[in-house]
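Counting from 39, one number per residue, gives the positions in the sequence shown under the working numbering.
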Amino acid sequence: MFDTKNRGKTWNTTFCDYSAHLLPVDNNYPYRHYVSSSSGNILTVNSMGQIIWESDLEQPIVAMYLLQDDGLHKLPFTVMGRETMENLVKYNSFHY
Numbered sequence: 039m040f041d042t043k044n045r046g047k048t049w050n051t052t053f054c055d056y057s058a059h060l061l062p063v064d065n066n067y068p069y070r071h072y073v074s075s076s077s078g079n080i081l082t083v084n085s086m087g088q089i090i091w092e093s094d095l096e097q098p099i100v101a102m103y104l105l106q107d108d109g110l111h112k113l114p115f116t117v118m119g120r121e122t123m124e125n126l127v128k129y130n131s132f133h134y
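Pasting the structure below:
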């Protein structure tokens, strides 16, 4: 990684031969995740459509993972615009 201000190398990391498991189609994972990927807004709802938590990570969101005993499992999420997410929160319209 490079420092954008002075172009100096700040740190380096290397990943090799790693992949996350995919959640099985028939899993019992009880949550749905919605993100505004470019702004970093994220929220999670339960099966009743109730908002469990929300946060502004202030960084782009490119993937989500669930840590389980056998390693990381990649979680699905729905990407939407910030304004759309704000309106869904305002009117509590997360039913599925």
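For every residue, glycine included, the Cβ atom is placed at its ideal position computed from N, Cα and C. In this text, all values refer to a predicted model and were calculated from it rather than measured experimentally.
For Glu92, the CB contacts under 8 angstroms within the same chain, skipping 5 residues up- and downstream, are Asn79, Ile80, Leu81, Thr82, Val127 in chain order. Per DSSP, Leu126 is one residue of the alpha helix (DSSP H) stretching across 120 to 128.
Between Asp108 and His59 the beta-carbon gap is near 7 angstroms, inside 8 angstroms, which marks them as a contact.
The DSSP-derived three-state label of Gly87 is coil. Rounded to whole angstroms, Met86 and Pro114 show a C-alpha spacing of 18 angstroms. Arg120 is the residue among Leu110, Tyr67, Gln88, Arg120 whose C-alpha sits nearest the C-alpha of Glu96.
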